[in-house]
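These notes concern the structure reproduced below.
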Ligand code: ATR
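Numbering (this note's numbering), first residue to last: 72 to 363.
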């Protein structure tokens, strides 16, 4: 039972809709573990109410928030300062309200750090790796930025809609040295052409997410090389059909729970200045996700 008083520090999650988010459970478990008088509340905000909701955080004494779909880009214009990652990725998922400069909004993006830490935790260091990223939305942008930071050898973005894929590459190409970021359409031919020459494949799309658990972007007639690592950002179910196919092919797999936890841990540290209890956060999430 969470005890809230006038002294309790408030953080929240702004999104629409947000019924199924694991973040409140994850963060409240972390606050309890460290004995902090903090509480994390879901704040469903319709897109047309965003202009009132952001300044409203100051009035309501919030110290920080997470931002999720569909507001990650839209909140940027209300920020007084943006971190380098938020600027380059073009999205904010974490806001800190700085007490010393009342009403100062600091917009940050912890998705890239979260992704990288989830790989490292799974003994997958992308430095020097040849990587394929499936999808070109907001999550893909964070993944590509993280791969650039980690000095991946090359990244090919495969996306259904050419315009969106090309836009991502145009936007982020400068974060990579040596022209190592490319786009190709997401087709059977492109997947075939990879021909085992890839070290890591990351699905950043929502294909395969509950309740659509029988969907998969990788056609069954195209082999999944056993020496390639397959990573899915989807965490519900824990093992998507994409990962199940990869595992059946003998490949190493990494699910999306690690990224959820580590982006949350980085946000927690940004707000509280304390080391996040990652194991407790993972345990809080594990009780909520399903196996396919
Ligand atoms: P997010 O911010 O979570 O990444 P998004 O911005 O809506 O979400 O991006 C979703 C990505 O998943 C896009 O790259 C989208 O491809 P399109 O640009 O062609 O729309 C991709 N995606 C979603 N459903 C897909 C599907 N059924 N097949 C292929 N790609 C899909």
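Where is the CB? At the ideal position from N, CA and C, for every residue including glycine.
Residue nearest to residue 134 within the set 246, 104, 84 is 84 (criterion: CA-CA distance). For residue 208, the CB falls within less than 8 Å of some heavy atom of the ligand ATR. In this structure, the straight-line span from the alpha carbon of residue 153 to that of residue 130 is close to 21 Å. Exclusion of the five residues before and after residue 138 leaves 85, 146, 163, 164 as the residues of its chain whose Cβ lies within less than 6 Å of its Cβ. Under DSSP, residue 152 shares a beta bridge with 177.
Taking the C-beta atoms as reference points, residue 190 is found no nearer than 9 Å to residue 226. The Cβ-Cβ distance between residue 334 and residue 185 falls below 9 Å. By DSSP's assignment, residue 86 forms a beta bridge with 115. Distance from the Cα of residue 339 is smallest, within the candidate group 310, 75, 179, 142, for 179.
Per DSSP, reduced to three states, the secondary structure at residue 321 is coil, with no helix or strand assignment. By the neighbour-count criterion, in which 16 or more other beta carbons inside 10 Å mark a residue as buried, residue 132 falls on the exposed side. Positions of the beta strand (DSSP E) runs, each at least 3 residues long and wholly inside the segment 204–289, are given as 225–230, 252–256, 271–274 in order along the chain. Linking residue 151 to residue 318 through their CA atoms gives a straight-line distance of about 45 Å. Separation of the CB atoms of residue 309 and residue 360 is rounded to 5 Å, and the pair is thereby assigned contact status at 8 Å. Around residue 320, the same chain offers 294, 295, 296, 297 as residues with beta carbons nearer than 8 Å, after the five sequence neighbours per side are excluded. The secondary-structure analysis by DSSP pairs residue 194 with nothing; it has no beta-bridge partner. At a cut-off of 8 Å, the beta-carbon of residue 258 does not count as near the ligand ATR: no heavy atom of the ligand is closer than that. In this structure residue 312 is in contact with residue 279, their Cβ atoms being roughly 5 Å apart against a cut-off of 8 Å. Taking C-alpha positions only, residue 219 is separated from residue 246 by approximately 6 Å.
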